[in-house]
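K.L.:
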Amino acid sequence: AKQAERGSVARYNRGVSEEIRGRVNLLHNLRGAFGANELFLVFQPQIELATGRCVGAEALLRWRTGDGAMIPPDHFIPLAERSGLIVAMGEWVLRRACEEAARMAQAGHGAVRMAINVSVIQFRDPHFLGRLRAAIEDSGVAPGQIELEITESVAMGEGDRMIELFGRVKAMGLDIAIDDFGTGFSSLSHLQRMNVDRLKIDRAFINDIGGAGKGGDIAGLVCGLGDRLGIELIAEGIEQAEQAGRLQAMGCQLGQGYHFARPMPADDWRVWLAEHSSG
Ligand code: C2E
Ligand code: CA
Ligand code: CA
Ligand code: CA
Numbered sequence: 459a460k461q462a463e464r465g466s467v468a469r470y471n472r473g474v475s476e477e478i479r480g481r482v483n484l485l486h487n488l489r490g491a492f493g494a495n496e497l498f499l500v501f502q503p504q505i506e507l508a509t510g511r512c513v514g515a516e517a518l519l520r521w522r523t524g525d526g527a528m529i530p531p532d533h534f535i536p537l538a539e540r541s542g543l544i545v546a547m548g549e550w551v552l553r554r555a556c557e558e559a560a561r562m563a564q565a566g567h568g569a570v571r572m573a574i575n576v577s578v579i580q581f582r583d584p585h586f587l588g589r590l591r592a593a594i595e596d597s598g599v600a601p602g603q604i605e606l607e608i609t610e611s612v613a614m615g616e617g618d619r620m621i622e623l624f625g626r627v628k629a630m631g632l633d634i635a636i637d638d639f640g641t642g643f644s645s646l647s648h649l650q651r652m653n654v655d656r657l658k659i660d661r662a663f664i665n666d667i668g669g670a671g672k673g674g675d676i677a678g679l680v681c682g683l684g685d686r687l688g689i690e691l692i693a694e695g696i697e698q699a700e701q702a703g704r705l706q707a708m709g710c711q712l713g714q715g716y717h718f719a720r721p722m723p724a725d726d727w728r729v730w731l732a733e734h735s736s737g
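First residue of the sequence shown? That's 459 in full-length UniProt numbering, and the numbers climb one at a time after it.
(1) Please list, in chain order, all residues with a C-beta atom less than 5 Å from at least one heavy atom of ligand 2.
(2) Do GLY514 and GLU496 have their beta-carbon atoms positioned less than 8 Å apart in this structure?
(3) Between which residues of its own chain and ALA719 is the CB-CB distance below 7 Å, once the five residues before and five after are set aside?
(4) If you run the structure through DSSP and keep just helix, strand and coil, what is ARG520?
(5) Check whether the Cβ of GLU694 sits closer than 7 Å to any heavy atom of ligand 1, and report yes or no.
(6) Can you check which of these residues, LEU519, SER475, ILE634, is closest to ASP491 by C-alpha distance?
(7) Check GLN564 in the structure and name its three-state DSSP category.
(8) At a cut-off of 7 Å, would you count GLN701 as near ligand 1, judging by its Cβ distance to the nearest heavy atom?
(9) Span of the beta strand (DSSP E) holding GLU506?
(10) Determine whether the beta carbon atoms of GLU607 and LYS658 lie at a separation below 8 Å.
(11) Counting along the chain, where does the beta strand (DSSP E) carrying ASP660 start and finish?
(12) So for GLU694, helix, strand or coil by DSSP?
(13) Going residue by residue through the region 578-620, where are the continuous beta strand (DSSP E) segments of at least 3 residues, counting only ones entirely within it?
(14) Give me the Cβ distance between ALA635 and ALA573, rounded to the nearest whole Å; I'm assuming they're in contact under 8 Å.
(15) Need the endpoints of the alpha helix (DSSP H) that ALA724 sits in, please.
(16) Taking GLN711 and GLU690 to be in contact with their CB atoms under 8 Å, please state how far apart those CB atoms are, rounded to whole angstroms.
(17) Looking at SER735: is its Cβ nearer than 8 Å to the Cβ of CYS556?
(18) Rounding to the nearest angstrom, what Cα-Cα distance links GLY737 and ALA565 in this structure?
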């Protein structure tokens, strides 16, 4: 038994060191990728459910390695966060997304919003607000066109510090959306004091809205909450027309998901927007 145990510990250790080596390797590649233009943004339209009009887009980060493999953000963003690389990478995302938003406005799609994901590490960085201001000024975008998406766990996590940071972002004229809403534990008074513009209902709860009128309880509750607090709602991960219909009936104003459009590279997004905007 001892022997077998020792064997399994050795296997475990080998497994761990392989995992660490894999991670170190990926991080090394990620640093290189950042320098070699292997990172790019894709844009996914956000739709007004009542009219089908496109009101904005979310910028999502992509990494295509030199040999053509796509690494999903769920894999490399946590790594970038642990290593601190996310601060520089997130600044690049901010700049690139602001540039794209400025370009949208110049093309005559003035009211279209750009939603940008901000990591907790990036948001907590003491230089974040300065970098945000610089990205906006350098791109020439109207601040009101930019929305920051901050996950619920981050927004609720640090008490008054977050409220103060949110206040500064709002004072600059930007919108704030709480991402993955429903997965954390929001305090209602906290939510009210944060003065956020939008709650983004997590995809898991949209998934629950299945066929034959089943599910959607949490989505319904969140919609009721948004309505009471006067906060606009957006549902992510809408894959079926039926989900869009049910959400609209629940009072959800906006939606995003494969049912409307997949995230697209900038060139495709510009064409899509020109074809789907009224103004
Ligand atoms: P998220 O912010 O919740 O983004 C939504 C994710 O759902 C995206 O995955 C999007 O492609 C996917 N999605 C959109 N519509 C549908 C649908 O109808 N069905 C399904 N099954 N999925 C849909 P993606 O692009 O892989 O991003 C995953 C996560 O990575 C994001 O979750 C976000 O947390 C993070 N992320 C992506 N880009 C950035 C970035 O620039 N900065 C930071 N900090 N995080 C990012
Ligand atoms: Ca998001
Ligand atoms: Ca989300
Ligand atoms: Ca999500």
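We put the CB at the ideal spot given by N, CA and C, even for glycine. Remember, it's a predicted structure, so these values are computed and weren't measured experimentally.
P.N.:
Reading off the structure:
(1) Those residues that bring their Cβ nearer than 5 Å to a heavy atom of ligand 2 are ASN575, GLU607, ASP637.
(2) no
(3) GLN502, PRO503, TRP730
(4) strand
(5) yes
(6) Per the sequence shown, the amino acid found at residue 491 is Ala instead of Asp. Checked all of LEU519, SER475, ILE634; the closest Cα to ALA491 is LEU519.
(7) helix
(8) no
(9) Membership of GLU506 in the beta strand (DSSP E) is indicated by the continuous run 497-506.
(10) The Cβ atoms of GLU607 and LYS658 sit closer than 8 Å to each other.
(11) No beta strand (DSSP E) holds ASP660; DSSP gives it neither H nor E.
(12) coil
(13) 604-609
(14) 6 Å
(15) 724-734
(16) The Cβ separation is near 5 Å, so the contact holds.
(17) It is not a contact, given that the beta carbons lie outside the stated cut-off.
(18) In this predicted model, GLY737 has a pLDDT of only 48, less than 50, meaning its place in the structure is not dependable; the value taken from the coordinates is given anyway. Computed Cα separation, rounded: 10 Å.
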